[in-house]
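For the sequence shown, the working numbering assigns the number 59 to the initial residue and increments by one for each residue that follows. Everything on this sheet refers to the single structure shown next.
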Amino acid sequence: MATIAETEQDFSVLPELPADVFTAPLQKPAHVGDDWLEPRQTEYSSGDDAIWDDLFARQMEVLPGRAATAFLHGLEKLDLGKGGVPEFGQMSEELDKLTGWSVVPVPMLIPDHVFFWHLANRRFPAGNFIRTRETFDYIQEPDVFHDVFGHVPMLTDPVFADYMQEYGKAGWKAMRYNHLKALGSLYWYTVEFGLILEQGKDLRAYGAGILSGPTEAIFSVEAESPNRIMLNVDRVMRTDYVISDLQPTYFVIESFEDLFRQTVERDFDRLYRSLGQSFTYANTAVIDVDNVYTRGTQEYLLRGGRCSGAKPV
């Protein structure tokens, strides 16, 4: 059966990007190679460490009872609250013992095909910089706090760790079909903004975009505005998303085994052949095939969202 990944692809070396595949153009800094890896992790200042500590403390005021149990356990296993920006080498040694993953420094957002390749080899690329006090509340490009605090604890969960590797392998199939937008939507609504229904009743967040910001950590699981819909992979990959504001819709999984089964075991060749080049559904849509957990009022969006200063209710 055809699956999410290119099972025949050799990922021991960075595969050559086909000439007819479109990816976002990024200017590679002169000091990094084709793998886009920094020679070493940044030596963070005491001021940088203080920013990490303050961000960490702020999140820990809102995440208990709202973050997935696997995420909270991952924070403890990696001891990410011991003070200052974590040292990647030590963190990777601990992570490798748990699930075989490591964390590697990159200078900025990296090309899709390079990102996929690192994931396929169980390496998570993390931004080699931290936000400033001026960008403390919101930063457009993911920094070391978003990448390490938001993403890495989930890599201590064996099933989710396997899902992330399979997602990396899947990128090459998506590129072959020129459906990176569709696969990106799956990443957005699971890895970045996913919710999980623990024990069938407790709604928690496992997506890094939620877990690394205080407002969305509360909004995603408690607010009346957003829709919350049980995950349907075909539906999600046809759904648009918003980058610079709170999500109008979140997708909910029953377990990480459920996420793995719905994605890795799906016939993606057949799915890609049926997809158009643009999204079918708006990010506010509720359609007839949806298994709706909660249907939102969309009040926050209708009042203008972040730009209008609307209250995230």
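Cβ coordinates follow ideal geometry from the N, Cα and C atoms, glycine included.
Through-space distance from residue j to residue i, alpha-carbon basis
i: residue 262; j: residue 177; result: 25 Å
i: residue 99; j: residue 277; result: 34 Å
i: residue 120; j: residue 92; result: 39 Å
i: residue 319; j: residue 224; result: 11 Å
i: residue 83; j: residue 116; result: 35 Å
i: residue 102; j: residue 205; result: 16 Å
i: residue 351; j: residue 247; result: 15 Å
i: residue 69; j: residue 125; result: 33 Å
i: residue 236; j: residue 293; result: 18 Å
i: residue 107; j: residue 143; result: 5 Å
i: residue 355; j: residue 185; result: 36 Å
i: residue 336; j: residue 140; result: 45 Å
Residues near residue i in its chain [Cβ-Cβ closer than 7 Å; skip 5 each side]
i: residue 250; result: 265, 266 and 267
i: residue 59; result: With a pLDDT of only 40 at residue 59, under the threshold of 50, the placement of this residue in the model should not be trusted; the figure read from the coordinates follows. Excluding sequence neighbours, residue 59 sits near 325.
Proximity of residue i and residue j at Cβ, strictly below 8 Å
i: residue 305; j: residue 284; result: yes
i: residue 189; j: residue 170; result: no
i: residue 273; j: residue 211; result: no
i: residue 157; j: residue 216; result: yes
i: residue 29; j: residue 75; result: For the chain, the structure presents residues 59 to 371; residue 29 sits outside this window and is missing.
i: residue 110; j: residue 203; result: yes
i: residue 207; j: residue 270; result: yes
i: residue 310; j: residue 345; result: no
i: residue 291; j: residue 324; result: yes
i: residue 214; j: residue 138; result: no
i: residue 289; j: residue 81; result: no
According to DSSP, residues forming a beta bridge with residue i
i: residue 285; result: 307
i: residue 177; result: In the DSSP output, where bridge partners are listed per residue, residue 177 has none listed.
i: residue 261; result: 255
Integer Cβ distance of residue i from residue j, believed to fall under 8 Å
i: residue 167; j: residue 199; result: 6 Å
i: residue 183; j: residue 174; result: Going by Cβ atoms, the distance from residue 183 to residue 174 rounds to 10 Å, so no, they are not a contact pair.
Contacts around residue i, its chain only, beta-carbon distance under 6 Å, and the 5 residues preceding and following it disregarded
i: residue 241; result: 232
i: residue 300; result: 341
i: residue 152; result: 136
Nonlocal neighbours in the same chain, by C-beta distance under 8 Å from residue i, ignoring five residues either side
i: residue 366; result: none
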